[in-house]
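Worksheet: one structure, shown below.
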Amino acid sequence: MNEPFPFRQVFEGKWTQGAIPLVLLVALLLIIEIAAPGFLTGETVSLLFANTAVLFILATGVTFAILLGGIDLSIQAVASLASVILAQLLPSLGLAAFPLAILSGLAFGTLSGIVHVKLRVPSFVATLATGGVVTGLALWVSDGRAITIEEAGRENTAWINASVAGLPVVVLISAVIGIAAFLAQRYTRFGRQAIAVGAGEPAAWAAGINVDRTKIIAFAASGMLAAVAGVVLAARLSSGSPVLANQLLLPAIAAVIVGGTAITGGLGGVARTAVGALIISIVRIGMTFVGVNIFLENMVFGAVLIAAVAITIDRSKIAVIK
Amino acid sequence: MLNASHIIKTFPGVQALRDVSIEVRPNEVVGLIGENGAGKSTLMRVLAGSYRPDGGSLTLDGEQLRMRSPRDAARYGIGMVFQEQSLVLNLTVAENIYLGEEDRFTRFGIVNWRAMNAAARRQLAKIGIDIDVTARTSELTFAARQMVELAKALTLEEVVERQLLILLDEPTSVLNAADIEVLFARVRSLKSRASFVFVSHRLDEVLAISDRVYTMKDGAVVAEHRAAEVTAPELHEIMVGRGLQAEYYREARQQQPRETVMVEAKGLGANGAYHGVDLKIRAGEIVGIAGVVGSGREEVTRTIGGFLQHDAGEMKIAGDAVHFGSPEPAVRKGIGYVPRERRLEGLVMFLSIAENISLADLSSVMRHGAIDYGKERRLAADWIKRLRIKAPGPDAACRKLSGGNQQKVVLARWMTAGSRILVLDHPTRGLDVGAKEEVYELVRDLSAQGVAILLISDTLEETIGLSHQVLVMRDGEITARFDASPGKKPNQVDLLRAMV
């Protein structure tokens, strides 16, 4: 068959699924600029980045789980628990509360990974269950209430809300995390092996890759970054709560998929998640701008996620969709 | 009754069927033989409606067939008994027989199981088989499942007016002699009501059951015989169709193996799949294992590749005792496994050639602790040139390559990883003749470089032609060992005697 333009070929190309979101992002920015000239100033852009930071950090973590062909549904619970731990411990421990809160995420992420791999439980079940355990723990520790970070504690969180050389610290934090994750995914053994496992686990295993270890590391990273996101969120809101990150699971996964990482694994990466997170963030701001009720946000993200998966899924790769 | 004329079917990189014409007459059993990759299974799938031919026409009693799926084929009275059984194991026998036909037993949305079971029982009785229709299919023996499949195909009688055409795709490959006799008796008694196409690569069986035999080779029908007028050796010669065996397998390049023992097994056993296996493979030596399905040779190769653990005896790799739990330690010991399931275990099909080549030894393309993409691409480009891999470039996805080129990528990966031992599990399955010869050439190169090779293969000729030494396995044991030095190659009959 002679097509005038090889649409199929272009769409099947590896880079296409990464380029389309970028085009979409630029188009969204242009629309905003046309609708509200002068919107794209340094100040608003830095605000946009700051507002995207938490979502991006969460989404970066879950990117690794998705690249492997799995999913991490525990991230919002882990982030919330980290916020509770931070708020609880700040008054007594000061800055030491930060690493402890983040370690809790690492621990539960590792736990999810081990359950998934060693007990051979599908990752969505393993992380759903871990998420339940973590939420229960957070509710118990906090007595089911939000914990305000008081004046004494706020001294230790102020740095997160500060700016360095005109850039909000949260933006710097997410930039550092984003770059580290990008390098890990693209240039390390772990990153390449994660992609190979997602693209074809039996062949990756047969080629001598330690699939179990790769998966556990990915889920550990996902848990740890979820906790980092929780800590940043707590510092920004000056509060820790067992439900603090409850509305963030859907947008985080949507950011990964909209950015161009395949839900089936093996294709995509952290750079794409950065683009996806910005798209989600802009859509959110746009909705506020247009006056969409804030409660309807997740309806939109749900629809966006379904659309993104339906459009991008490679049907030649999976015979049966469960 | 069925007339297939000038059928053409092409897959990416392979012309599976080139201008194939066959006919099937009423109440006839037609045999279809050929080596693996000759196109038998593809032709069957075209007849069964699973594949749509790219050219040619199919007519049944003069009527043009238009089939998009096996369901359409069923409407014409064409049923298939699959090589890989197509029963759903956790359903009952009756549910399987009427899978997809539940409507016939359904009233007001509720299935009348009693009626379905009774119908299934009648169906089995017709072919004289006594199986409990309410039993779970997973509880049946392999042979019994085959009978259920046959019964299932015959249910078409109940809904189709014309005579049935039943396609049997290698139904005997996993049956023992007694079960084969039972199957053949059924086919003979059913001949009055249906025609059959019978595919097998066991020539004696084909001659025993068929009225007429078509021989396929490289995607074309090369001969047609009345079964009574031809012998198995004659067919074999046509099927293989090459005189110069020695040259085909590069026997002139077969060299004396070196002294170093790379693989040594003593009293090796696993899971009841095999036991008491002793073998030694020296550097540069090719050891072939012959045996039928279930002989345990597959499990022996998978043990050495690290896919299966042994639970008895000991295994030494280059002198060190090992016990592999997964392929990872085996790869670290310098073992490379070239699997039969190339698309599943051989290559990560969605990654590029470059990514697949570096996969087993990423350190070969890393610099200062980071993957060097330029180096990775150059390495792949180098292999593409050296092995004459036909591909647009190092970034091409492996799924777009032909089977032979995919196999070269797998071998390039193990050479990159510096494997000193290769396990070749049906290395030429599904490859065309030209690609096979290139693989043989490569195998000889590797052997000359001192790589120890364990080989299992689809054909005895390949095993004999390539190996220095041939072991024969039956029922989990080694039953014979043959020296296969050039000029002293054992013949197939000797091997077969030890195999069955």
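Protein chains in written order, with the working numbering: chain A, 49 to 370; chain B, 37 to 536. Idealized CB from N, CA, C, for every residue including glycine. Quick caveat, the model's predicted, so the values are computed rather than measured.
> Which residues in chain A sit within 7 Å of B/A549, going by Cβ to Cβ distance?
Replying inline: Not covered by the structure: residue 549 of chain B. The range shown for chain B is 37 to 536.
> Buried or exposed: which applies to B/K253, given that a residue is buried once 16 or more other Cβ atoms fall within 10 Å of its Cβ?
Replying inline: buried
> B/A406 touches chain A at which residues, Cβ-Cβ below 9 Å?
Replying inline: Ordered by position in chain A, the residues that pass the 9 Å Cβ test against B/A406 are L231, R234, Y235, T236.
> According to a CB-to-CB cut-off of less than 9 Å, which residues of the stretch 380 to 395 of chain B neighbour chain A?
Replying inline: L380, E381, G382, L383, V384, M385, F386, L387, S388, E391, N392, S394, L395
> For chain A, is any of its Cβ atoms less than 7 Å away from the one on B/M446?
Replying inline: The displayed chain sequence assigns Val, not Met, to residue 446 of chain B. With 7 Å as the cut-off, B/V446 does not count as an interface residue toward chain A.
>> As an exercise, report each continuous alpha helix (DSSP H) stretch of at least 4 residues that is fully enclosed by the stretch 325 to 376 of chain B, in chain order.
In response: 333 to 341, 363 to 368
> Span of the beta strand (DSSP E) holding B/V313?
Replying inline: 310 to 318
> If you measure from the beta carbon of B/V475 to each beta carbon in chain A, is any gap under 7 Å?
Replying inline: no
> Distance, Cα to Cα, B/G279 vs B/V469?
Replying inline: Since pLDDT at B/G279 reaches only 48, below the 50 mark, its modelled position is unreliable, and the value read off the structure follows with that caveat. Using only the alpha carbons, I get a separation of about 14 Å.
>> Give me, in chain order, the residues of the same chain whose beta-carbon lies closer than 7 Å to that of A/I257; leave out the 5 immediate sequence neighbours on both sides.
In response: Q241, A244, V245
>> Which complete alpha helix (DSSP H) runs does the stretch 128 to 182 of chain A hold, if anything under 4 residues is left out?
In response: 145 to 166
>> Let's test the definition: count the other Cβ atoms within 10 Å of the Cβ of A/A213 and tell me whether it reaches 16, buried, or not, exposed.
In response: With fewer than 16 neighbouring CB atoms inside 10 Å of its own CB, A/A213 falls in the exposed class.
> Do B/G98 and B/I44 have their C-beta atoms within less than 7 Å of each other?
Replying inline: no
>> If I measure Cβ to Cβ from A/F59 and keep anything under 6 Å in the same chain, skipping five residues before and after, which residues do I get?
In response: In this predicted model, A/F59 has a pLDDT of only 48, less than 50, meaning its place in the structure is not dependable enough to derive any value.
>> Using CA atoms only, rank isn't needed, just tell me which of A/I265, A/A274, A/A355 is closest to A/V293.
In response: It is Ala, not Val, that sits at residue 293 of chain A in the sequence shown. Cα-wise, what sits closest to A/A293 is A/A274.
>> In the DSSP output, which residue or residues are listed as bridge partners for B/A301?
In response: B/L315, B/M351
>> With a threshold of 8 Å on Cβ separation, who are the neighbours of A/A268 within its own chain once the five nearest residues in sequence on each side are excluded?
In response: L154, G157, T158, G161
>> Using a 10 Å radius around the Cβ and a threshold of 16 neighbouring Cβ atoms, would you call A/I228 buried or exposed?
In response: Note that residue 228 of chain A is Ala in the sequence shown here, rather than Ile. So A/A228 counts as exposed.
>> Residues of chain B with CB closer than 8 Å to the CB of A/L315, please, in chain order.
In response: F386
>> Using a Cβ-Cβ cutoff of less than 8 Å, which residues in the same chain neighbour B/G454 once the five nearest sequence positions on both sides are dropped?
In response: G370, D397
> How about the stretch 182 to 192 of chain B and the stretch 160 to 168 of chain B: do they share at least three Cβ pairs that are nearer than 8 Å?
Replying inline: The stretch 182 to 192 of chain B vs the stretch 160 to 168 of chain B: in contact.
> Apart from the five residues just before and just after A/A325, which ones in its own chain have a Cβ nearer than 6 Å to its Cβ?
Replying inline: T100, L103, F104, A107, A303
> Hey, out of A/V338, A/V357, A/F349, whose CA is closest to A/A310's CA?
Replying inline: Put simply, of A/V338, A/V357, A/F349 the residue whose alpha carbon is nearest the alpha carbon of A/A310 is A/V357.
>> Measuring alpha carbon to alpha carbon, tell me which residue in A/I333, A/I150, A/G239 is nearest A/I79.
In response: A/I333
> Would you call the stretch 117 to 131 of chain A and the stretch 281 to 300 of chain A touching, i.e. three or more CB-CB distances under 8 Å?
Replying inline: Yes, since at least three Cβ pairs between the stretch 117 to 131 of chain A and the stretch 281 to 300 of chain A fall closer than 8 Å, the two stretches touch.
> B/E334: buried (16+ other C-beta within 10 angstroms of its C-beta) or exposed?
Replying inline: buried
>> DSSP three-state label for B/H261, please.
In response: Assignment of B/H261 by DSSP, reduced to helix, strand and coil, places it in the strand class.
> So which residues of chain A does B/Y373 contact, with C-beta pairs closer than 7 Å?
Replying inline: A254
> Does the separation of the CB atoms of B/R376 and B/R465 fall below 7 Å?
Replying inline: Closer than 7 Å, so yes.
> Would you report the Cα separation of A/R193 and A/V182, rounded to the nearest angstrom?
Replying inline: 15 Å
> Within 7 Å (strictly less), CB to CB, does A/A266 reach chain B?
Replying inline: no
>> Which residues in chain B have a C-beta closer than 9 Å to the C-beta of A/R320? List them in chain order.
In response: Within chain B, no residue comes near A/R320; the closest Cβ sits about 16 Å away, beyond 9 Å.
> For A/L176, which option in A/T321, A/N204, A/L297 has the closest C-alpha, if you only look at C-alpha atoms?
Replying inline: A/L297
>> For a cutoff of 7 Å on Cβ pairs, would you count A/G117 as touching chain B?
In response: no
> For chain B, is any of its Cβ atoms less than 7 Å away from the one on A/G248?
Replying inline: yes
>> For a cutoff of 7 Å on Cβ pairs, would you count A/A29 as touching chain B?
In response: With chain A covering only 49 through 370, there is no way to say anything about residue 29 of chain A.
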